[in-house]
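Have a look at the structure below before the remarks.
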Amino acid sequence: MITTHQPEMTWQSELFASSTSFAAVMEDRSVAEGRQRLSPRAAFQELLFERAHLVDIRPPDQRAIEGGIAQTLHSEGIANPGLRLILLCQDGHASSLAADALAGLGVHRTTAVIGGFDAWRSLGLPVRA
Numbered sequence: 019m020i021t022t023h024q025p026e027m028t029w030q031s032e033l034f035a036s037s038t039s040f041a042a043v044m045e046d047r048s049v050a051e052g053r054q055r056l057s058p059r060a061a062f063q064e065l066l067f068e069r070a071h072l073v074d075i076r077p078p079d080q081r082a083i084e085g086g087i088a089q090t091l092h093s094e095g096i097a098n099p100g101l102r103l104i105l106l107c108q109d110g111h112a113s114s115l116a117a118d119a120l121a122g123l124g125v126h127r128t129t130a131v132i133g134g135f136d137a138w139r140s141l142g143l144p145v146r147a
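In structure tokens:
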């Protein structure tokens with residue numbers, strides 16, 4: 019008589035055993051989506067429809083030399099904490115790192131502008147002197 023051993027399917031029981039498994043997966047997904055970077059045009063549209071705050075993380079002297087964006091927050095408080103934060107630096111690198119750092123601190127509705135202020139300005143989007 020030949021007997022075959024069937025492997026146990028423990029992954030199924032482990033996946034559905036915890037009531038938080040699905041919630042954890044969805045939280046990870048929302049965190050990843052929150053950090054998805056935006057094109058300068060998409061960021062501008064978010065600002066136009068008042069769906070986000072733009073936070074310019076460049077130093078004040080750099081903003082004075084290069085210019086800035088009118089709807090930008092600097093060190094002031096955020097008027098509506100429910101809105102997404104769009105971070106802007108000069109080239110998009112530092113703002114991406116800052117968005118990841120904020121997400122690590124629990125501020126998940128953050129993103130960065132691809133290409134930063136340089137890309138924003140090169141597309142002819144509004145800049146203030």
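So the mapping is simple: our numbering equals the position in the sequence shown, first residue as 1, plus 18.
C-beta atoms are modelled at their ideal positions from N, C-alpha and C, and glycine is treated no differently.
Here the structure is a predicted model, which is why all the values come from computation and not from measurement.
Residue from the options whose Cα sits closest to the Cα of residue i
| i | options | result |
| --- | --- | --- |
| phenylalanine 67 | Arg55, Ile83 and Leu101 | Leu101 |
| leucine 105 | Gln80, Trp138, Asp74 and Ala70 | Asp74 |
| leucine 72 | Ala147, Phe62, Arg81 and Ser140 | Phe62 |
| arginine 146 | His111, Gly86, Thr128 and Arg139 | Gly86 |
| arginine 69 | Ala88, Leu103, Glu84 and Asp136 | Leu103 |
| glutamine 108 | Glu84, Thr128 and Leu123 | Glu84 |
| glutamate 64 | Thr128, Ala119, Arg139 and Ser140 | Thr128 |
| serine 113 | Arg76, Trp138 and Ala137 | Arg76 |
Cβ neighbours of residue i in the same chain (closer than 8 Å, five flanking residues each side left out)
| i | result |
| --- | --- |
| valine 49 | Low per-residue confidence applies at valine 49: pLDDT is 47, beneath 50, and the placement is therefore not dependable enough to give any value. |
| glutamate 45 | A caution first: glutamate 45 carries a pLDDT of 44, below 50, which makes its placement in the model unreliable, though a value can still be read off. Result list for glutamate 45: empty, nothing under 8 Å. |
| tryptophan 148 | Residue coverage of the chain in this structure runs from 19 to 147, which leaves residue 148 outside it and unanswerable. |
| leucine 141 | Pro58 and Arg59 |
Identity of the residues DSSP links to residue i by a beta bridge
| i | result |
| --- | --- |
| histidine 71 | Leu103 |
Residue i in three-state terms, based on DSSP
| i | result |
| --- | --- |
| alanine 112 | helix |
| glycine 86 | strand |
| alanine 147 | coil |
| leucine 141 | coil |
| methionine 123 | Note on residue identity: the sequence assigns leucine, not methionine, to residue 123. Three-state DSSP puts leucine 123 in coil, outside helix and strand. |
Other residues of its chain near residue i: CB distance less than 7 Å, five sequence neighbours each side excluded
| i | result |
| --- | --- |
| leucine 123 | none |
| arginine 81 | Asp74 |
| leucine 115 | none |
| aspartate 136 | Gln108 and Asp109 |
| alanine 117 | Arg53, Leu105, Thr128, Thr129 and Ala130 |
8 Å Cβ cutoff, residue i in contact with chain C
| i | result |
| --- | --- |
| arginine 81 | In summary, chain C is missing from the structure at hand, where a single protein chain is found. |
Can we say the region 53–60 touches the region 129–138, given the rule of at least three CB pairs closer than 8 Å? yes
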